[in-house]
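Student:
4 protein chains.
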Amino acid sequence: MSGSTLGDLFRVTNFGESHGPAIGCVIDGCPPGLALSEADIQPELDRRRPGTSRHVTQRNEPDAVEILSGVYEGKTTGTPICLLIRNTDQRSKDYGNIAQTFRPGHADYTYLQKYGIRDPRGGGRSSARMTAPMVGAGAVARKWLAAQFGIEIRGCMTAIGEIDIPCDDWSQVSQNPFFAASASKTDELEAYMDALRKAGDSVGARLYVEAKGVPVGLGAPLFDKLDADIAYAMMGINAVKGVEIGAGFESVRQKGTEHGDELTPQGFLSNNAGGVLGGISTGQDITVNIAIKPTSSIRSPKQSIDLAGQPATVETFGRHDPCVGIRATPIAEAMLALVLIDHVLRHRAQCGDVQVDTPRIPGAVA
Amino acid sequence: MSGSTLGDLFRVTNFGESHGPAIGCVIDGCPPGLALSEADIQPELDRRRPGTSRHVTQRNEPDAVEILSGVYEGKTTGTPICLLIRNTDQRSKDYGNIAQTFRPGHADYTYLQKYGIRDPRGGGRSSARMTAPMVGAGAVARKWLAAQFGIEIRGCMTAIGEIDIPCDDWSQVSQNPFFAASASKTDELEAYMDALRKAGDSVGARLYVEAKGVPVGLGAPLFDKLDADIAYAMMGINAVKGVEIGAGFESVRQKGTEHGDELTPQGFLSNNAGGVLGGISTGQDITVNIAIKPTSSIRSPKQSIDLAGQPATVETFGRHDPCVGIRATPIAEAMLALVLIDHVLRHRAQCGDVQVDTPRIPGAVA
Amino acid sequence: MSGSTLGDLFRVTNFGESHGPAIGCVIDGCPPGLALSEADIQPELDRRRPGTSRHVTQRNEPDAVEILSGVYEGKTTGTPICLLIRNTDQRSKDYGNIAQTFRPGHADYTYLQKYGIRDPRGGGRSSARMTAPMVGAGAVARKWLAAQFGIEIRGCMTAIGEIDIPCDDWSQVSQNPFFAASASKTDELEAYMDALRKAGDSVGARLYVEAKGVPVGLGAPLFDKLDADIAYAMMGINAVKGVEIGAGFESVRQKGTEHGDELTPQGFLSNNAGGVLGGISTGQDITVNIAIKPTSSIRSPKQSIDLAGQPATVETFGRHDPCVGIRATPIAEAMLALVLIDHVLRHRAQCGDVQVDTPRIPGAVA
Amino acid sequence: MSGSTLGDLFRVTNFGESHGPAIGCVIDGCPPGLALSEADIQPELDRRRPGTSRHVTQRNEPDAVEILSGVYEGKTTGTPICLLIRNTDQRSKDYGNIAQTFRPGHADYTYLQKYGIRDPRGGGRSSARMTAPMVGAGAVARKWLAAQFGIEIRGCMTAIGEIDIPCDDWSQVSQNPFFAASASKTDELEAYMDALRKAGDSVGARLYVEAKGVPVGLGAPLFDKLDADIAYAMMGINAVKGVEIGAGFESVRQKGTEHGDELTPQGFLSNNAGGVLGGISTGQDITVNIAIKPTSSIRSPKQSIDLAGQPATVETFGRHDPCVGIRATPIAEAMLALVLIDHVLRHRAQCGDVQVDTPRIPGAVA
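Residue numbers (my numbering), protein chains in the order written: chain A, 2 to 367; chain B, 2 to 367; chain C, 2 to 367; chain D, 2 to 367.
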């Protein structure tokens, strides 16, 4: 029963709407003693922020985070940590037409049918803006995971529309507006995006995210499996339509002789498992692919209905992304961190005093 | 915090190991007044059962279910329903070698590293046998969903290895051992499977499952989204490595003009959304694709390590499936039913008295 | 797994410390469509507020609540509602000595031993100030319960120290600083309290709270029982050491012929059950008694230890209550409301379509 | 959201009805590696069992427990443990009249109004028989707690009706049918109980239960407080109407100078807190008092209504206890163990690596 809460032991409760007074989250269950301040969180929010390139929504939100509780003299106390982000740049007039119609591909129709009422401004709670508090909470999680285990999490775009992007230079991820781990496609992508914007259209994307240094043993079958929780967290990100772990849908075509990752004392010989077997981490890299659909808000007109159920046409003016996937990398990284820290605490609860004689296989592929 | 419990309001707690005395589940939260007996459940278990064709594990388990509680004079009382299935055909000797080594692709290694102890017989709790109680619980859920809303759930295989299987005749699903919704591939698949078995190898598969007649409004953003819970439930099925909703990974290549399903008073004009928008059901068919990896237990030898961490070779003798996907269809249908009923109850809790003026769009594609 | 969250379907996550920047809560799962503004909440916070009489802590907090999310055009949207209360009057210097020692009866020692760190200012998270957000959330719950069912919740003090206070005039509750439902004891209580303050001592209190108009059927055995959840919510209020439902500890001495409330078509003939049987509401008044211990912070010196574990003496200067029970009435009322609304939603989830032929017995005692 | 599940990390899901085929529970989250067999559990069930003296229900159930899962080669595997107890002595005919009327003080009326259906045989799920699986689960918890921490849990009756029973000789608890920790009252109680039975009446009781050797730090404010969870678990036991921790309702009359337990390096100087401060264990004995109402099923006729809502008379024939409190001691001990183990795991999750410089105060009163 999650509602607006993610996690069980490192629990993050998210609140806010795109055009309400503020958005934020409450992190409950963070271990005490972690050095924490806004300076640990703000850079991650800045990576995600709208307005940092011409290819993303031109909404000018500083996304300045404030820590309201749970920290004393620079350390977490183990009590709930509230992160608050005030909304400042809410241009409601850009969305005037939306209140009367339902945008195809958006959640307008479903929210109204479910709740009988909806806040139409900027998509209300369905807005991707609601990922900002998760990125903030993810920053806290990542700091702890890095300190405890040396876990590193990173992601990149591996496709935008028909353009596949290789993963050949991770240092490039912060050097282009696409979170592409490559210098080889930037010009092509810039041109492609500009063309889409002019056409008033949008396109989907594929994202890759990984975690290195994950200890073996995270995840509890049958229904607290690490890969199942990762799938849940990723599918829950706005606009996601597919999630794969390891070999993913390639597994359909693989033989068992090929897929099963062999074990040696020096390490596994492959990682089709994506770092999870039987729902439990193996110690290998967790590797995840995510499919993101094209932005629903586009300038091209689309058929719809109005509040009375009558035919209507919808076109979106104002701010929007031609590819929502572009901002998703920090979000997916944050979600992976949040799932991992929750699992670390759970594993510690049930198995904190387990002694195992069989040596662990090193994580890296041998 | 699920551990071995799926769901929050229609909660299913699963117990048992492949070679223990019994397996089963406890269903807590089932609405009262539903007519229920073993006769509602046994047929579903029989669909899943090993030994029903030569292409699946030759273990002869009757899987006879017994209802131990929660039913009085043929109706559910609203109190927990325990389903029990005694294990009868446990040939432990087939697994003797396993206790000393870790099978590549299996959870042997991860279970030992997590718990410090594992039941190696038949894979213990990691065995696909543990899906039987979920199929039992799914039968209860499906009965209620059908009675309340006329919801129908059905699935079929759409690929085994390199062979794609069309969905052109649903009446065929029960007529071949592959749950193929087509008569066109049976001979080819039979030959393919026989060859695999002889070669001591296995292959992956892709499964499609859908739900029709789902009411609009199920799912609660941000973290109780219907599609996120579906992804979680499917990824948690043994051997699953990927999950897609609607257009899934095709969305990566689609434009917004193409992807966004337009609305008319007669219905949506397409269903790339797969029946979920913003995490909430639209009333359209829920459509899901699942990638299943090849069976890990194969006769071909593979490198591994032993309990002391030393190099070893593993080959599996005895019973195994050349394609675990073949038995997965009833399981995926059950999991979809379990997610849906949990969401129906949750929606009823929060929004049970919501009145909406805007008419609902009929579910079928216009 | 609650941590700082109360409830499952109407979930309230509380954050903040006594001397941090702000306190508040997030309400998740509130039904949509409820008219709500700060004006519905502020009066309840004012009832609870310090500084409203000379008998309670002289800390001057306006406790001005701000709704940050979950409301649109004056109605709840079904999305999370964040209530924020900024702390303004934090006189840290009153607590300087506390950082080095542990106050007997306080949570200073236990927080440090648990978390390895504590915020000593004003008791940090152990402060009764943390009940303010619950009173805010309770106001939302009470409004919905009153609108849906006509449920009324009210409480009063029935004892302060050795002075028993009769419940003979509910209109008096808001007319004296003690929440006494009687005019007969005010002078005696004033004198008593003044004497305690001069003596630098404190005393315990007993509180009574009831809910009228509760529908039959709330509560789900075995572990979602209404009375069990009430006991949990009340025992969790700061300084509570005992909880009774109905005849409570009097039941120990009662015979079955006396205790069992007889049923007639016009109503039950007594209410020893306190409105709950088998964990489920009967429709009768829910009646609860709560024992509150004396304030731990007193001016009289007490033995303790310091951070190094060495003997030390503790006396509290500055602001404190001679009887924390005095402010507890609005808190207990809020907690009862929060438990009830959660149960209403749960009952609606599982039993929303149950039809019962047997007529309901009216709630009032016949 | 518990329904029939107690706990979050050591979770026990209970199933069964008094006259159904079987009762039992599933324990999920038990740490692996604990030596466990039926021999660890059966003695506790035997302590609780009906028919072990003439003062309790003459129903002859062997309550033979069977472990169906979660144990391999005599050790827990960390996977769910199902305990099954078959019902064998169900004399349905003793309850014939009950199906048509509602017994005052029983849950007959509330179950029917909630679910629209009820199993009337032996009280169905409202029967105290449903405590048997909890006693079984409690035996598992107690074994682990004793091994990990040396925690000891024990309880005794301190009053039956008007007869107070001193706690002067714990060795007597197993020597009389009343779980009285004294030899001084046995004859008086025997006579009292015989008189009650002849009169067709019943009486209430008061029970005391304590846990020694509890480590400091268990419990997480605000809503995972140890005392709140204890209150919840105890109030949830059949027939309980009141719960106190430490000084309980005596606190109402106490001054702060008296109540606050002073700290010294050798230990606390008193234990009015009952071992819990601020919701967290102090290391001192957890002390709990419980009020149990008189048995509702008595031979004396009482007014009631029938299924049509018309006046009727109810008298109970057949098997019943003149004092249900007599069997409650093992149940309360089990519940305390279950709450404690859940809290140990939770504390380990969040604070497993906390280092504290301040020495712990020894648990015993100095």
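Here a beta-carbon is modelled for each residue, glycine too, at the ideal position from N, C-alpha and C.
#1: Check each candidate in Q267(D), K226(D), G139(D) and D109(D) and name the one with the smallest Cα separation from V27(D).
#2: Using only CA atoms, which one of A221(B), G279(B) and T102(B) lies nearest to P32(C)?
#3: Can S252(B) and H107(B) be called in contact, C-beta distance under 9 Å?
#4: Is P323(B) near I299(B), with beta carbons less than 9 Å apart?
#5: Answer yes or no: do L85(C) and A23(C) have a C-beta to C-beta separation smaller than 9 Å?
#6: Just how far apart, CA to CA, sit T330(D) and G151(D)?
#7: From L308(C) to D358(D), what distance separates their C-alpha atoms?
#8: May I have the straight-line CA-CA distance separating D262(A) from T89(C), to the nearest angstrom?
#9: Which chain C residues are close to A338(B), counting only those with a beta carbon under 8 Å from its beta carbon?
#10: Within 8 Å, do at least three Cβ pairs link the region 228-245 of chain B to the region 288-297 of chain B?
#11: Quick one: grab the DSSP three-state call for G218(C).
#12: Taking 6 Å as the limit between beta carbons, can you name the residues of its chain near L10(A), skipping five residues before and five after?
#13: Out of L46(B), E39(B), E334(B) and Y112(B), state which residue places its alpha-carbon closest to the alpha-carbon of K76(B).
#14: With burial defined as no fewer than 16 other Cβ atoms inside 10 Å of the residue's Cβ, what is the status of T314(A): buried or exposed?
#15: Which chain A residues are close to A350(D), counting only those with a beta carbon under 7 Å from its beta carbon?
#16: With a threshold of 9 Å between beta carbons, is P33(D) in contact with chain A?
#17: Look up Q304(A) in the DSSP assignment and say whether it is helix, strand or coil.
#18: Flag this pair as yes or no: are the beta carbons of R87(C) and E67(C) separated by less than 9 Å?
#19: How would you call K199(B), buried or exposed, if buried means at least 16 neighbouring beta carbons within 10 angstroms?
#20: Within the continuous beta strand (DSSP E) that includes A212(C), where are the two ends?
#21: For I68(C), list the residues DSSP reports as bridge partners.
#22: Is it buried or exposed for S185(C), if we count other Cβ within 10 angstroms and need 16 for buried?
#23: Buried or exposed: S172(C), going by 16 or more other Cβ atoms within 10 Å of its Cβ?
#24: Determine the contact status of T80(B) and I306(A), defining contact as a CB-CB distance below 9 Å.
#25: By the criterion of Cβ-Cβ separation under 8 Å, what are the contact partners of I342(D) in chain B?
#26: Is there a Cβ from chain A that is less than 9 Å from the Cβ of P22(C)?
#27: Against G370(C), what residues of chain B qualify as contacts under a CB-to-CB distance less than 7 Å, listed in chain order?
#28: Please classify S203(A) as buried or exposed, where buried requires at least 16 neighbouring CB atoms within 10 angstroms.
#29: Where does A240(D) fall in DSSP's three states?
#30: Considering Cα atoms alone, identify which of L223(A), G214(A), R143(A) and I287(A) is closest to G249(A).
#31: Which residues in the same chain have their Cβ closer than 7 Å to the Cβ of V217(C), if we skip the five residues on either side of it in sequence?
#32: What is the DSSP secondary structure of C31(B), counted as helix, strand or coil?
#33: Which residue or residues does DSSP assign as beta-bridge partners of L278(D)?
#34: Assign S70(B) to one of two classes, buried (16 or more other C-beta atoms within 10 Å of its C-beta) or exposed (fewer than that).
#35: Taking Cβ-Cβ distances shorter than 9 Å, what residues in chain D pair up with G79(A)?
#36: Compare the C-beta of E211(A) with all C-beta atoms of chain B and state if any pair is closer than 9 Å.
Tutor: This is what the structure holds:
#1: G139(D)
#2: A221(B)
#3: no
#4: yes
#5: yes
#6: Here the alpha carbons of G151(D) and T330(D) stand approximately 20 Å from one another.
#7: 8 Å
#8: 60 Å
#9: Going along chain C, no residue has its Cβ under 8 Å from A338(B), so there is no contact; the nearest lies around 17 Å.
#10: yes
#11: It is coil, neither helix nor strand.
#12: G30, D343, L346 and R347
#13: E39(B)
#14: exposed
#15: L10, L346, R347, R349 and A350
#16: Chain A, which has a Cβ nearer than 9 Å to the Cβ of P33(D), makes this yes.
#17: strand
#18: yes
#19: exposed
#20: Taken as a continuous stretch (DSSP letters only), the beta strand (DSSP E) holding A212(C) covers A206 to K213.
#21: L84(C)
#22: exposed
#23: exposed
#24: no
#25: Within chain B, no residue comes near I342(D); the closest Cβ sits about 14 Å away, beyond 8 Å.
#26: At least one chain A Cβ lies under 9 Å of P22(C).
#27: Because chain C here runs from 2 to 367, residue 370(C) falls outside it and cannot be looked at.
#28: Buried.
#29: Assignment of A240(D) by DSSP, reduced to helix, strand and coil, places it in the coil class.
#30: In this structure, I287(A) is the residue among L223(A), G214(A), R143(A) and I287(A) with its C-alpha nearest to the C-alpha of G249(A).
#31: Non-local C-beta neighbours of V217(C) in its own chain, meaning closer than 7 Å and more than five positions away in sequence, comprise S282, T283, G284 and R361, ordered along the chain.
#32: coil
#33: Looking at the DSSP assignment, L278(D) forms a beta bridge with I281(D).
#34: buried
#35: A221, Q351, C352 and V355
#36: Chain B, which has no Cβ nearer than 9 Å to the Cβ of E211(A), makes this no.
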